[in-house]
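Written below as structure tokens is the structure these notes are about.
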Amino acid sequence: MQVVPYGERAALVDLDDAGEVVGLRAALSASPLSGVDELVAGARTLLVRFDPARTSFDRVRAAVHDRESGTGPTPGGPSIVVPVSYDGADLAAVAEASGLSVPEVVRRHSAATYTVAFCGFAPGYGYLTGLDPRLHLPRRAAPRTRVPAGSVAIAGEYSAVYPHQSPGGWHLLGRTPLAVWDADREPPNLLSPGTRVEFRVRS
Amino acid sequence: MRKLEVVRPGLFATVQDLGRPGLASIGVGRSGAADRRAFRLANRLVGNPEGHAAIEATLGGLTVRFAEHAVVAVTGAPCAITAGPRAAGMCAPIAVRPGDEISLGAPGNGLRSYLAVRGGVDVPPVLGSRATDTMACLGPAALTAGCVLPVGTPVRPQPPVDLAPQRAFPDELVLRVLPGPRLGWFADDALDALLSAPHRVTAEANRVGIRLDGPVLRRTRHDELPPEAGILGALQVPPSGHPILFLADHPVTGGYPVPAVVVEDDVDLAAQARPGQAIRFSAP
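Written as structure tokens, this is what we have:
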């Protein structure tokens, strides 16, 4: 683990894998450090924003190192079930690239339990870890200019549900009617770091 | 209901406040006024709390009309102002009469001017803020001719101030930088290269960020950076080697390494950089 300054009011913690990010984030959320006002997870990092009037980079770094030893198994976050119609435009291509049949791709994608590692790209866009390693594929060479909201997709080690219509380069496996982001709902997001997600085949 | 009508929005105008801090973990960036210093001053001049919503106009050209008496102030990029038939000054409260149009001319330098109205622009907040986040498509739409904005009720007395002096914008902006978290991904001379010569602001400059054209920052690590949080003022370097300076609507996470960060106090100045203008970076 390495902790480096990021501007005048943040420290960036480098970690080895997504699990460590989720673990450190959970540890720092459970017993917040004085003067720390926000934690922003990345794929292998945790940004710790602090108020320089109340603490300092050195104190944050020391406290983060202390917490690391206490980073154990992650406490369970809230759980949601996402119903999916597996009829995505890239299903056949994913099957071919992974050397699996289409039913096997669907089985593996819907059998796993995922955890939101971090959000980014757009409001409510969660990067879900836990994807079957056989389904780890690089992003599409040519991103689509328009991916519909509710699209269930994979890329790299992640799966995601598109919260809004947007451009996108992930492989589309299917669609869900569940709105993972609804600005009129309080809170608008269903996914935040630590949330457990299961995909269920819609019959 | 008190209100103002947008007669002409100019090149691009939005409602802004101090944004939505603390929501990055659900993928929502802070957004808010690009030049927060100028924005806060505009509110103070009309007796508003600093976080009341105001209009951010890009390269002037904004005209608004009031049906009733109002008090407004214009700060940021200096421009000619008319209030009904009269000329008015920057950084001073302006008394508006019923039916008056307030017009902002094109600024001689600087990019963004702020028009605050006493009582604040009172559109419904989204996630606690009235700011338009152009990246996340949150908050009110960009202003268009004919749109009407509600104006709130004043909550504080009008301050007894005539004018808040403001320093002129320099032709060549100098922004102080600190080493960033991924400086180690770049050649040893990367920071020197960044400081060595001016960088020109390209036409790709908006509320999200400013794409710069100048000395190339050479990367020595070429693997893909896993997405990580970005911050205001970060200089993100894509494979071209030309940095992008993150402004108010920057993405919550980014996939390019950040070798340097503009100090927070200088980001307001960066938000006033115009396409074609030179930016020089300096050590803090």
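Residue numbers (this note's numbering), protein chains in the order written: chain W, 318 to 520; chain P, 122 to 405. The beta-carbon is built from N, C-alpha and C at its ideal position, and this holds for glycine as well. Computed from a prediction, not measured in an experiment: that's the story for all the values here.
>> Residues of chain P with CB closer than 8 angstroms to the CB of Ser509(W), please, in chain order.
In response: Mapped onto the first sequence, residue 509(W) falls at position 192. Chain P residues near Ser509(W): Ser146 and Ile147.
> For chain W, is any of its Cβ atoms less than 8 angstroms away from the one on Ala155(P)?
Replying inline: As a first step, residue 155(P) is located in the second sequence; it is residue number 34 there, counting from the start. Judged by the 8 angstroms Cβ criterion, Ala155(P) is not in contact with chain W.
>> Strictly by DSSP, which residues pair up with Leu232(P)?
In response: As a first step, residue 232(P) is located in the second sequence; it is residue number 111 there, counting from the start. BP columns for Leu232(P) are empty, so no partner.
> On the three-state DSSP scale, how would you describe Ser509(W)?
Replying inline: Within the first sequence, numbered from 1, the residue matching residue 509(W) stands at position 192. If DSSP states are grouped into helix, strand and coil, Ser509(W) belongs with coil.
> Do Gly437(W) and Pro396(P) have their C-beta atoms within less than 8 angstroms of each other?
Replying inline: Along the first sequence, read from residue 1 onward, the residue named residue 437(W) stands at position 120. Along the second sequence, read from residue 1 onward, the residue named residue 396(P) stands at position 275. Contact: no.
>> Measuring straight from C-alpha to C-alpha, what distance separates His173(P) and Thr372(W)?
In response: Residue 173(P) sits at position 52 when you count from the first residue of the second sequence. Residue 372(W) sits at position 55 when you count from the first residue of the first sequence. Looking at the two C-alpha atoms, the distance is approximately 29 angstroms.
>> To be precise: take each residue of the stretch 422-453 of chain W, compare its Cβ to all Cβ atoms of chain P, and keep it if any distance is under 9 angstroms. Which residues remain?
In response: Phe435, Cys436, Gly437, Phe438, Ala439, Pro440, Gly441, Tyr442, Gly443 and Tyr444
>> Give me the chain W residues within the contact set of Gly354(P), using Cβ-Cβ distance strictly less than 8 angstroms, ordered along the chain.
In response: Your numbering for residue 354(P) matches position 233 in the second sequence. By Cβ distance, chain W contributes Gly324.
> Which word fits Pro465(W), buried or exposed, when buried means at least 16 other C-beta atoms lie within 10 angstroms of its C-beta?
Replying inline: Walking along the first sequence from the start, residue 465(W) turns up at place 148. Label assigned to Pro465(W): exposed.
>> In this structure, how does DSSP classify Phe290(P) when only helix, strand and coil are distinguished?
In response: For this step, residue 290(P) is matched to residue 169 along the second sequence. Here Phe290(P) sits in coil by DSSP.
>> Does Ser346(W) pass the burial test, meaning 16 or more other C-beta atoms within 10 Å, or should it be called exposed?
In response: On the first sequence, position 29 is the one that residue 346(W) refers to. By the 10 Å Cβ count, Ser346(W) comes out exposed.
>> Counting only C-beta atoms, is Pro312(P) closer than 8 angstroms to chain W at any point?
In response: Your numbering for residue 312(P) matches position 191 in the second sequence. The sequence given here places Leu at residue 312(P); Pro does not occur at that position. Closer than 8 angstroms: no.
> Residues in its own chain within less than 7 angstroms of Thr179(P) by CB, not counting five upstream and five downstream?
Replying inline: Here residue 179(P) is taken as the residue at index 58 of the second sequence, counted from 1. Closer than 7 angstroms at the Cβ level, and outside the excluded window around Thr179(P), lie Gly131, Leu132, Phe133, Ala134, Leu232 and Arg233.
>> Can you check which of these residues, Ala344(W), Gly394(W), Leu454(W) and Gly485(W), is closest to Ala412(W) by C-alpha distance?
In response: Stepping through the first sequence from its first residue, residue 412(W) is reached at position 95. Checking every option, the nearest Cα to that of Ala412(W) belongs to Leu454(W).
>> Cβ closer than 8 angstroms: which chain W residues qualify as neighbours of Gly143(P)?
In response: If you number the second sequence from 1, residue 143(P) lands on position 22. Near Gly143(P) (Cβ distances below 8 angstroms), the residues of chain W are Asp354 and Glu355.
>> Looking at Val321(W): is its Cβ nearer than 8 angstroms to the Cβ of Pro302(P)?
In response: Taking the first sequence and counting its residues from 1, one reaches residue 321(W) at position 4. Taking the second sequence and counting its residues from 1, one reaches residue 302(P) at position 181. Against a cut-off of 8 angstroms, the Cβ pair of Pro302(P) and Val321(W) comes out as a contact.
> Any idea if Thr374(P) is buried or exposed, counting beta-carbon neighbours within 10 angstroms, 16 or more meaning buried?
Replying inline: In the second sequence, the residue the question calls residue 374(P) occupies position 253. Counting Cβ neighbours within 10 Å, Thr374(P) comes out buried, since at least 16 surround it.
> If the cut is a Cβ gap below 8 angstroms, which residues of chain P does Leu329(W) touch?
Replying inline: Against the first sequence, residue 329(W) aligns to sequence position 12. What Leu329(W) touches in chain P: Pro302, Glu349 and Ala350.
>> Can you list, in chain order, the residues of its chain with a C-beta nearer than 6 angstroms to that of Glu171(P)? Leave out the 5 residues immediately preceding and following it.
In response: As a first step, residue 171(P) is located in the second sequence; it is residue number 50 there, counting from the start. Cβ neighbours of Glu171(P) beyond the five flanking positions: Arg161 and Asn164.
> In this structure, does DSSP put Ser476(W) in helix, strand or coil?
Replying inline: What you label residue 476(W) is simply residue 159 of the first sequence in a count that begins at 1. Strand.
>> Using the Cβ count rule (16 or more neighbours within 10 Å means buried), how would you classify Cys212(P)?
In response: Here residue 212(P) refers to the residue found at position 91 of the second sequence. It is buried - the Cβ of Cys212(P) has at least 16 other Cβ atoms within 10 Å.
> Using DSSP with H/G/I as helix, E/B as strand and the rest coil, what is Leu333(W)?
Replying inline: Here residue 333(W) is taken as the residue at index 16 of the first sequence, counted from 1. Before going on, a small fix: residue 333(W) reads as Asp here, not Leu. Three-state result, Asp333(W): coil.
> Does Ala257(P) get closer than 8 angstroms to chain W when you measure Cβ to Cβ?
Replying inline: Counting from one through the second sequence, the residue named residue 257(P) turns up at place 136. So yes, Ala257(P) belongs to the interface.
> How would you label Arg342(P), buried or exposed, when you count the other beta carbons within 10 angstroms and need 16 or more for buried?
Replying inline: As a working note, residue 342(P) is residue 221 in the second sequence. The residue in question, Arg342(P), is exposed, as its Cβ has fewer than 16 Cβ neighbours within 10 Å.
> Residues of chain W with CB under 8 angstroms from Leu299(P), in chain order?
Replying inline: Residue numbering aside, residue 299(P) sits at position 178 when the second sequence is read from its first letter. Simply Pro322, Gly324 and Glu325.
> Just the Cα atoms here: how many angstroms apart are Gly304(P) and Leu296(P)?
Replying inline: In the second sequence, counting from the first residue as 1, residue 304(P) sits at position 183. In the second sequence, counting from the first residue as 1, residue 296(P) sits at position 175. For clarity, residue 304(P) is Leu in the given sequence; the question names Gly instead. Taking the straight line from one Cα to the other gives about 18 angstroms.
>> Measuring only the C-alpha atoms, how far is Val195(P) from Tyr377(P)?
In response: Along the second sequence, read from residue 1 onward, the residue named residue 195(P) stands at position 74. Along the second sequence, read from residue 1 onward, the residue named residue 377(P) stands at position 256. Taking the straight line from one Cα to the other gives about 37 angstroms.
> Under the rule that 16 or more other beta-carbon atoms within 10 Å means buried, what is Asp407(W), buried or exposed?
Replying inline: Locating residue 407(W) in the first sequence gives position 90, where the first residue counts as 1. Answer is buried; the Cβ neighbour count reaches 16.
> Which residues of chain P have a Cβ atom closer than 8 angstroms to the Cβ of Arg361(W), listed in chain order?
Replying inline: Your numbering for residue 361(W) matches position 44 in the first sequence. Here the neighbours are Pro347 and Glu349.
>> Taking the alpha carbon of Asp449(W) as the reference point, which residue from Gly340(W), Pro349(W), Tyr475(W) and Pro440(W) has its own alpha carbon closest?
In response: The residue labelled residue 449(W) in the question sits at position 132 within the first sequence. Nearest option by C-alpha distance: Tyr475(W).
> Taking DSSP as the reference, what is the three-state secondary structure of Leu162(P)?
Replying inline: As a working mapping, residue 162(P) is identified with position 41 in the second sequence. Reduced to three states, the DSSP call for Leu162(P) is helix.
> Distance, Cα to Cα, Asp383(W) vs Leu350(W)?
Replying inline: By 1-based counting over the first sequence, the position of residue 383(W) is 66. By 1-based counting over the first sequence, the position of residue 350(W) is 33. Rounded to whole angstroms, Asp383(W) to Leu350(W) spans 11 angstroms at the Cα level.
> Arg376(W) to Asp368(W), Cα distance in whole Å?
Replying inline: The count along the first sequence starts at 1 and reaches residue 376(W) at position 59. The count along the first sequence starts at 1 and reaches residue 368(W) at position 51. Going from the Cα of Arg376(W) to the Cα of Asp368(W) covers about 12 angstroms.
> Does Leu364(W) get closer than 8 angstroms to chain P when you measure Cβ to Cβ?
Replying inline: Position 47 of the first sequence holds residue 364(W). Output row for Leu364(W): interface = yes.
> Is it right to say His190(P) is buried, meaning 16 or more other beta carbons lie within 10 angstroms of its own, or is it exposed?
Replying inline: The residue you call residue 190(P) lines up with position 69 of the second sequence. The residue is exposed, with fewer than 16 neighbouring Cβ atoms inside 10 Å.
> Can you list, in chain order, the residues of its chain whose CB lies under 6 angstroms from that of Lys124(P), leaving out five sequence neighbours each side?
Replying inline: What you label residue 124(P) is simply residue 3 of the second sequence in a count that begins at 1. Answer for Lys124(P): Val269, Pro271 and Val272, listed in chain order.
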